[in-house]
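Colleague: For the sequence shown, position 676 (counting from the first letter as 1) is numbered 662 according to my numbering, and the numbering increases by one without interruption.
All C-beta atoms in this analysis are idealised placements derived from N, C-alpha and C, irrespective of residue type, glycine included.
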Amino acid sequence: DEAHERSLNIDFLLGYLKNLLPSRPDLKLIISSATIDAERFSRHFGDAPVLTVSGRTFPITTIHEEVPEDEEGETATYVERAIGAVEVLADRPDGGDILVFMPTERDIADTLDGLRERFDASHLLLPLFGRLPAADQRKIFRPSHRRKIIVATNVAETSITVPGIRAVVDTGLARIARYNPRTGTTSLRVSRISQASCEQRRGRCGRTGPGLCVRLYGEEDFQSREPFTVPEIQRANLAEVILQMISLRLGDPARFPFIDPPPAAAIRDGYRTLRELGALAGENRLTANGRLMARLPLDPRISRIIIEGMGLGATREIIVLAAALAIQDPRVRPPDKEHKADEVHRQFLDRKSDFLTLLNIWNGLFAADSGTPSRSQLSRYCKANFLSWQRMREWLDVHEQISRLLREHRHARASEATAGYDAIHIALASGFLRNICQKKEKNTYLAAGGREVVLFPGSGLYGRGPQWAVASEFVETTQLFARTVATIEPDWLERLGGELCKRSWSDPHWEKKSGRVLATERVSLFGLTIVAGRRVEYGRINEKTAREAREIFIREALVNRQLGGRYPFLEHNADLVDRFQEMEERFRRRDIVVDEEVLFQFYDERLELVYDRHTLNRQLRARKRDDFLRMRAEDICRVTPDSEELYRFPATVRSGELELELSYLFSPGDEADGVTVRIPHHLLAHCNPQVFEWLVPGLLPEKLLLLLRRLPKLVRRRLVPLPDAVDRILDSLSLGEGSL
């Protein structure tokens, strides 16, 4: 019945029945609705016969009111126009109650405020919406000598039949839930309803006598609307449908005989959600967790929370919260007692977690009594604390249903101890992982994919939001709001995110003290940085980083001698390289020792996947000797210095009986460039200063050239070219004798 509503369950059942009917000829299926798309349904079921049953109805007059403008071009709001329409209808002599359709609870409150200013006690003004306490809803059905004016959301379209309605005022608007698979958010924007919904509203006033329907939109507007409401399957999160289909082996959702197949993007999003929750593995096979999730009559995210909670010893608390999240918020705020209700609700408030606020409501019910409370106990508790008896009853029922299912699972024993904050909220975060958010400013947060969300004003965290939070849902109305929010720690998210986490590394470098190549690791989840600057061993991350760490290890630890510890092969190689590099300083040339790249290749050819001291020690132990890492002269020398060069740049200089050691530096422009002799203070008096005027044979020509350049110009002219003059002078000198 009411097949036009096209809920997920209706479409799912119709698809299932289409497959079932060929094998069940005994089964009769009747699909009914007052505003059904009969042709579409008939075609889907093989041109099934259509029966039109005319009920006992009365004629309904429909008036379309175009949206008027005042003299300044301003248009009245639909609330103001609805109030005006009610005033006109109330003056009609035919009596009967009036039903006004508004899109939101706020609009209902504003409309009732406006009507109270215009009507006295002769009219009974009543609100009607889904969250209205049952006691207030019952007022609608009670007979009254006063004329009722009921202002309702679309709950009065089909869910509740209001008796005695003779006139309807229809704004043509409703809050319609639409799930966006790209962003993973549900929007509840005020939207135009379909023609079928308009007709449903119109039909509310022709049941007990002739009716009048005033539509606050024009005939052209009506004709431009969609004929039927978009099926929920085309605007909902399909994760639960897909999970059930896999569990029941109903095949690929893309090939299932839905009347209106869901978009491919929505199916992909459903699979993605299930993989994120750990329900699917491989070729979309159910995991052990997935099989348990499929048995629970809950959103898969809630099921995932229960499974995590069982592993953390928070089963009792998580079952309570899972049941709470499956129903509407039990707190009610009667229109005439809003401030009082807020004051009473404050006793349950938890400033760190809206989930714990719900848990406090539950614990309050069970504080005085053991076992399930009686009907009268529940009623007293609800009245005293402004809670909906109907929703609290539903909460208890869902809790019992989940508990019963879990008792069949061997790990589902509730802990006697009270679970801590972390255990409860780690479990919650596991199911709402895509709803984590990081504080940007005050009540504004960054969520997955860089979206901005705002804490819902009704949250206990509003105005004092933590750095990190998780929400049960993101709902878009005037803004994208995070609802039912709790403080979380980013440290929890890396384990929960698992393979969903993205890691990047920067600044890999050798650390001598620890003997490892370290890097800075950044971990992000859905674009949010959950680890900003953690130091990690670069070589142990993966094969690629191990190869990169090996190169850094060879260059820094071995070639640049920053290994640390005592390694004979490295000491041998350092001595060998130093000896030949010292010759380069002496001979003032840079072509004796090979460059660092050749030294790198020497180790590169001999070492396995070695990237730190530990892996080096392991290879050395395996080889038992380090000869394979010891360099020879031919490994590091391009050319070997000859005896002539050794004569020109001697290692020592003699002064009388003293033989003094020389040191060389090849660094033009440096103060110490050239040759240096260090003479102990106590030997200074025994040295002949004339010896040092001669420098060494290899540097003497340059000194002579500089001396010649300092001669007067007239003298210098007779010696050009000066290099030739230097050669002639050297030929005539007895090196080292007397003063240069």
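By the DSSP assignment, the alpha helix (DSSP H) with residue 622 in it spans what residues?
Modeller: Here residue 622 refers to the residue found at position 636 when the sequence shown is read from its first residue. 619 to 622 is the span of the alpha helix (DSSP H), which, as asked, contains residue 622.
Colleague: Identify which residue in 704, 547, 447 has its Cα closest to the Cα of residue 564.
Modeller: Position 578 of the sequence shown holds residue 564. Checking every option, the nearest Cα to that of residue 564 belongs to 547.
Colleague: So, are the CB atoms of residue 389 and residue 305 less than 8 Å apart?
Modeller: Residue 389 sits at position 403 when you count from the first residue of the sequence shown. Residue 305 sits at position 319 when you count from the first residue of the sequence shown. Yes, Cβ-Cβ distance for residue 389 and residue 305 is below 8 Å.
Colleague: Is the beta carbon of residue 544 sitting closer than 8 Å to the one on residue 523?
Modeller: Along the sequence shown, read from residue 1 onward, the residue named residue 544 stands at position 558. Along the sequence shown, read from residue 1 onward, the residue named residue 523 stands at position 537. Not closer than 8 Å, so no.
Colleague: Do residue 674 and residue 642 have their C-beta atoms closer together than 8 Å?
Modeller: The count along the sequence shown starts at 1 and reaches residue 674 at position 688. The count along the sequence shown starts at 1 and reaches residue 642 at position 656. Going by C-beta atoms, residue 674 is nearer than 8 Å to residue 642.
Colleague: Let me make sure I understand the geometry here. Which of 15, 429, 303, 539 has the alpha-carbon closest to that of residue 407?
Modeller: As a first step, residue 407 is located in the sequence shown; it is residue number 421 there, counting from the start. Comparing Cα-Cα distances from residue 407 to each of 15, 429, 303, 539, the minimum goes to 303.
Colleague: In angstroms, rounded to a whole number, what distance separates the CA positions of residue 17 and residue 208?
Modeller: Within the sequence shown, numbered from 1, the residue matching residue 17 stands at position 31. Within the sequence shown, numbered from 1, the residue matching residue 208 stands at position 222. Taking the straight line from one Cα to the other gives about 26 Å.
Colleague: Cα separation between residue 20 and residue -4?
Modeller: What you label residue 20 is simply residue 34 of the sequence shown in a count that begins at 1. What you label residue -4 is simply residue 10 of the sequence shown in a count that begins at 1. Each residue's alpha carbon lies about 16 Å from the other.
Colleague: Can you check the region 311 to 374 for any alpha helix (DSSP H) of at least 4 residues that lies completely inside it and give the ranges in chain order?
Modeller: Counting whole runs of 4 or more residues, the region 311 to 374 contains the alpha helix (DSSP H) stretches 324 to 331, 340 to 352, 361 to 371.
Colleague: Where does residue 689 fall in DSSP's three states?
Modeller: Along the sequence shown, one-based indexing puts residue 689 at 703. Correct three-state label for residue 689: helix.
Colleague: Where does residue 491 fall in DSSP's three states?
Modeller: Taking the first residue of the sequence shown as 1, we reach residue 491 at position 505. Three-state DSSP puts residue 491 in a strand.
Colleague: With H, G and I counted as helix, E and B as strand and the rest as coil, what does DSSP make of residue 57?
Modeller: To locate residue 57, count along the sequence shown from 1; it is residue 71. Model confidence at residue 57 stands at a pLDDT of 49, short of 50, so the residue's coordinates are unreliable and nothing is read from them.
Colleague: Straight-line CA distance for residue 379 to residue 79?
Modeller: Along the sequence shown, read from residue 1 onward, the residue named residue 379 stands at position 393. Along the sequence shown, read from residue 1 onward, the residue named residue 79 stands at position 93. Straight-line Cα distance between these residues: approximately 43 Å.
Colleague: Would the region 240 to 249 count as touching the region 269 to 283 if we require 3 or more Cβ pairs under 8 Å?
Modeller: No: the two stretches stay apart, fewer than three of their Cβ pairs being nearer than 8 Å.
Colleague: If you draw a straight line from the alpha carbon of residue 59 to that of residue 153, how long is it in whole angstroms?
Modeller: Along the sequence shown, read from residue 1 onward, the residue named residue 59 stands at position 73. Along the sequence shown, read from residue 1 onward, the residue named residue 153 stands at position 167. The predicted position of residue 59 is uncertain, since its pLDDT is 46 and thus under 50; a value taken from the coordinates is nonetheless stated next. Their backbone Cα atoms lie some 30 Å apart in a straight line.
Colleague: What's the C-alpha gap between residue 222 and residue 486?
Modeller: Mapped onto the sequence shown, residue 222 falls at position 236. Mapped onto the sequence shown, residue 486 falls at position 500. Spanning the two alpha carbons is a distance of roughly 23 Å.
Colleague: Tell me the start and end of each unbroken alpha helix (DSSP H) in the region 511 to 593 that is at least 4 residues and wholly inside, in chain order.
Modeller: Those alpha helix (DSSP H) runs which fall completely within the region 511 to 593 and span 4+ residues are 529 to 538, 554 to 573, 582 to 592.
Colleague: Is DSSP giving residue 246 helix, strand or coil here?
Modeller: One-based indexing of the sequence shown puts residue 246 at position 260. Residue state, collapsed to three classes: coil.
Colleague: With a threshold of 8 Å on Cβ separation, who are the neighbours of residue 450 within its own chain once the five nearest residues in sequence on each side are excluded?
Modeller: If you number the sequence shown from 1, residue 450 lands on position 464. The answer, listed in chain order, is 337.
Colleague: Counting along the chain, where does the alpha helix (DSSP H) carrying residue 134 start and finish?
Modeller: On the sequence shown, position 148 is the one that residue 134 refers to. From DSSP, residue 134 is part of no alpha helix (DSSP H) but of the beta strand (DSSP E) over 133 to 138.
Colleague: For the candidate residues 271, 372, 570, whose alpha-carbon lies nearest to that of residue 653?
Modeller: As a position in the sequence shown, residue 653 is number 667, starting the count at 1. Among 271, 372, 570, the Cα nearest to that of residue 653 belongs to 570.
Colleague: Go ahead and pull the three-state DSSP assignment for residue 716.
Modeller: Against the sequence shown, residue 716 aligns to sequence position 730. DSSP places residue 716 in helix when its eight states are reduced to three.
Colleague: First and last residue of the alpha helix (DSSP H) that includes residue 677?
Modeller: In the sequence shown, counting from the first residue as 1, residue 677 sits at position 691. Start and end: 675 to 679.
Colleague: When you compare only the Cα positions, how much space is there between residue 243 and residue 443?
Modeller: What you label residue 243 is simply residue 257 of the sequence shown in a count that begins at 1. What you label residue 443 is simply residue 457 of the sequence shown in a count that begins at 1. Whole-angstrom Cα-Cα distance: 43 Å.
Colleague: Going by beta carbon distance, what residues of the same chain come within less than 8 Å of residue 120, once the five residues before and after it are set aside?
Modeller: Position 134 of the sequence shown, counting from 1, holds the residue named residue 120. Counting only Cβ-Cβ distances below 8 Å, and skipping sequence neighbours, we find 374, 375, 376.
Colleague: Give me the residue from 138, 381, 625, 132 with the minimum Cα distance to residue 98.
Modeller: For the purposes of this step, residue 98 is taken as the residue at position 112 of the sequence shown. Cα-wise, what sits closest to residue 98 is 138.
Colleague: Work out the CA separation of residue 294 and residue 420 for me, nearest whole Å.
Modeller: In the sequence shown, counting from the first residue as 1, residue 420 sits at position 434. In the sequence shown, counting from the first residue as 1, residue 294 sits at position 308. So the two alpha carbons sit approximately 16 Å from each other.
Colleague: Among residues of its own chain, excluding the 5 on either side of residue 616, which ones have a beta-carbon nearer than 7 Å to its beta-carbon?
Modeller: Numbered from its first residue, the sequence shown carries residue 616 at position 630. So the list reads 555, 558, 559, once near-sequence residues are dropped.
Colleague: Taking residue 660 as part of the beta strand (DSSP E), name the residues at either end of that continuous run.
Modeller: In the sequence shown, counting from the first residue as 1, residue 660 sits at position 674. From DSSP, the beta strand (DSSP E) with residue 660 extends over 660 to 663.
Colleague: Between residue 627 and residue 573, is the Cβ-Cβ spacing less than 8 Å?
Modeller: Taking the sequence shown and counting its residues from 1, one reaches residue 627 at position 641. Taking the sequence shown and counting its residues from 1, one reaches residue 573 at position 587. Yes; because the gap between Cβ atoms is below 8 Å, this pair is in contact.
Colleague: What is the DSSP secondary structure of residue 426, reduced to helix, strand or coil?
Modeller: Translated into positions along the sequence shown, residue 426 becomes position 440. Three-state DSSP puts residue 426 in a strand.
Colleague: With a 10 Å radius around its C-beta and 16 neighbouring C-beta atoms as the bar for buried, classify residue 701 as buried or exposed.
Modeller: What you label residue 701 is simply residue 715 of the sequence shown in a count that begins at 1. The residue is exposed, with fewer than 16 neighbouring Cβ atoms inside 10 Å.
Colleague: Check whether the Cβ atoms of residue 141 and residue -2 lie closer than 8 Å to each other.
Modeller: Position 155 of the sequence shown, counting from 1, holds the residue named residue 141. Position 12 of the sequence shown, counting from 1, holds the residue named residue -2. It is not a contact, given that the beta carbons lie outside the stated cut-off.
Colleague: By how many angstroms is the C-alpha of residue 423 removed from the C-alpha of residue 205?
Modeller: Counting from one through the sequence shown, the residue named residue 205 turns up at place 219. Counting from one through the sequence shown, the residue named residue 423 turns up at place 437. About 45 Å.
Colleague: Closest to residue 230 by CA distance: which of 265, 690, 382, 175 is it?
Modeller: The residue given as residue 230 occupies position 244 in the sequence shown. When each option's Cα is compared against that of residue 230, the closest is 265.
Colleague: So, at 7 Å on beta carbons, what are the nonlocal neighbours of residue 5 in its own chain, with the 5 sequence-adjacent residues on each side left out?
Modeller: The sequence position of residue 5 within the sequence shown is 19, counting from 1. Taken in chain order, the residues that qualify are 243.
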